[in-house]
Amino acid sequence: MRGLLVGRFQPFHRGHLFVVQQIRSLRPEEPLILGLGSAQASYTWENPFTAGERTEMIARALDEAGLRAVTTVPIVDIDRHALWVAHVESLLPPFDRVYTNNPLTRLLFERARYTVESPPLFERERFEGARIRQRMAAGEEWSDLVPPATAAYLESIQAAHRLRQLARPASPRSRP
Ligand code: NAD
7 MRGLLVGRFQ PFHRGHLFVV QQIRSLRPEE PLILGLGSAQ ASYTWENPFT AGERTEMIAR
67 ALDEAGLRAV TTVPIVDIDR HALWVAHVES LLPPFDRVYT NNPLTRLLFE RARYTVESPP
127 LFERERFEGA RIRQRMAAGE EWSDLVPPAT AAYLESIQAA HRLRQLARPA SPRSRP
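Counting from 1 along the sequence shown, just add 6 to a position and that's the residue number in the numbering used here.
Laid out in structure tokens, this is it:
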């Protein structure tokens, strides 16, 4: 058996890490794939970080936490939801269990007869990508909401500066 956890991880936060730790402790022998959704997207408010940056922030966090047998695979979006599971299957090694709390992701994998599990949310009022992006843009404290190695990496790429720029409405002169 191999598991798949799908997410955008914008950014990878302590809620995501908690889920990975839960899955590894529940099924230590089962390899786990982190499917990086919306891999084509970056430098937008919803998806500020590139797939490469997300791969790096996750790798550092997993290494810091001593988590092994977890691989990360980018998945670009396609504009036909009905074909998305086949698209995912074409990009990943075989998997048979999917972990998600996203209603659309659940629906599509269930329709394709996968076993879908929804791990419990960990302090969702604190650990939520949109909330962390908002705090970054507002100049508020955010680093304790992500794993320490991820925080150091995000600092190194000036993530908060990027979020502040993306949060601003584009002026007429900066529009293409
Ligand atoms: P996300 O990063 O917001 O969440 C990833 C997972 O982590 C989710 O299951 C979420 O419930 C869980 N999580 C978040 N906070 C948590 C916390 N505090 N504690 C525990 N778990 C927590 O990513 P997402 O938006 O769910 O990603 C779905 C991806 O699938 C998107 O990129 C989407 O575009 C893609 N998708 C694409 C298509 C298509 O291309 N047609 C179709 C369906 C889905």
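Cβ atoms here follow ideal geometry from the backbone N, Cα and C, with glycine treated the same way.
Item                                                                                                                         : Value
For Leu110 and Pro125, the rounded distance between their alpha carbons                                                      : 16 Å
Alpha-carbon to alpha-carbon, Leu42 and Gly13                                                                                : 6 Å
Reduced DSSP category for Gly145 - H, G, I as helix; E, B as strand; rest coil                                               : coil
Proximity test, Ile84 beta-carbon vs ligand 1 heavy atom, cut-off 7 Å                                                        : yes
Secondary structure of Ile39, DSSP reduced to three states                                                                   : strand
Buried or exposed (CB count within 10 angstroms, at least 16 for buried), Arg74                                              : exposed
Beta-carbon contacts of Ser180 that lie in its chain and below 8 Å, excluding the five residues immediately before and after : Note that Ser180 scores 47 on pLDDT, short of 50, meaning its location in the model is unreliable; the coordinates nonetheless yield the value given after this. Correct list: empty, nothing qualifies.
Alpha helix (DSSP H) segments (min. 4 residues) lying fully within the segment 62–101                                        : 90–97
Closer than 7 Å: Phe128 CB and nearest ligand 1 heavy atom                                                                   : yes
Simplified DSSP state of Tyr120, which is helix, strand or coil                                                              : coil
Distance between Pro37 and Phe18 (C-alpha atoms, nearest Å)                                                                  : 19 Å
Three-state secondary structure assigned by DSSP to Leu110                                                                   : helix
Own chain residues within Cβ distance below 7 Å of Arg168, not counting five before or after                                 : Pro54
Selected residue, minimal CA-CA separation from Gln27, among Pro153, Arg174, Gln164, Leu172                                  : Pro153
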